[in-house]
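Asker:
Residue numbers (the working numbering): 576 to 734.
1) Roughly how far, in whole angstroms, is the beta-carbon of residue 699 from the beta-carbon of residue 657, given that I think they are within contact range, below 8 Å?
2) Ends of the alpha helix (DSSP H) at residue 699?
3) By Cβ distance, which residues of its chain are closer than 6 Å to residue 652, with the 5 residues on each side in sequence left out?
4) Anyone know if the C-beta pair for residue 677 and residue 723 falls short of 7 Å?
5) DSSP three-state call for residue 722: helix, strand or coil?
6) Determine the direct distance from the alpha carbon of residue 721 to that of residue 694, and round the result to whole angstroms.
7) Tell me which residues share the same chain as residue 634 and place their Cβ nearer than 6 Å to its Cβ, disregarding the 5 neighbours each side in the sequence.
8) In angstroms, rounded to a whole number, what distance separates the CA positions of residue 640 and residue 600?
9) If you draw a straight line from the alpha carbon of residue 576 to that of residue 673, how long is it in whole angstroms?
Shown next, in the form of structure tokens:
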């Protein structure tokens with residue numbers, strides 16, 4: 576059962592960051608990472624604004640502008656596959672096919688359990704490891720389907 580951070584937990588996290596209004600982005604990133612739904616909901620945005628002395632509109636602007644922030648619930652882990660031309664021509668495009676089979680979803684979708692999101696990205700600098708995937712900042716490759724399933728199993732176990 577998914578729970579959410581309490582108001583007290585959110586306040587503790589907000590107040591743990593030193594600085595003034597300039598800490599808005601770092602506070603939002605910390606809150607989103609700590610929140611089981613991995614998003615900044617309206618209640619949280621209002622609380623952040625009040626605590627930092629920032630207009631709610633500015634908080635909403637940050638949440639909607641930065642790709643790493645989301646106002647809607649997100650999967651726990653993001654599996655990224657490269658869609659750049661060099662990787663495509665070096666057979667790294669197989670990474671998307673491997674990931675789709677291993678996760679049972681298409682690129683751009685989340686698994687039904689909310690654990691994984693499969694996303695195509697322009698490049699993550701791992702052409703030498705193709706076919707590769709990047710999961711929450713960690714690059715894995717070269718991979719075959721069994722290798723990818725083993726990596727995904729580690730994330731499932733950690734959860």
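Don't be surprised by glycine CBs; every beta carbon is placed ideally from N, CA and C. Quick caveat: nothing in here was measured; it's all calculated off a predicted structure.
Answerer: The structure says:
1) 6 Å
2) Premise fails: residue 699 is in no alpha helix (DSSP H) and is neither H nor E.
3) 691, 710, 711 and 730
4) yes
5) helix
6) 20 Å
7) 620, 623 and 624
8) 11 Å
9) In this predicted model, residue 576 has a pLDDT of only 42, less than 50, meaning its place in the structure is not dependable; the value taken from the coordinates is given anyway. Each residue's alpha carbon lies about 30 Å from the other.
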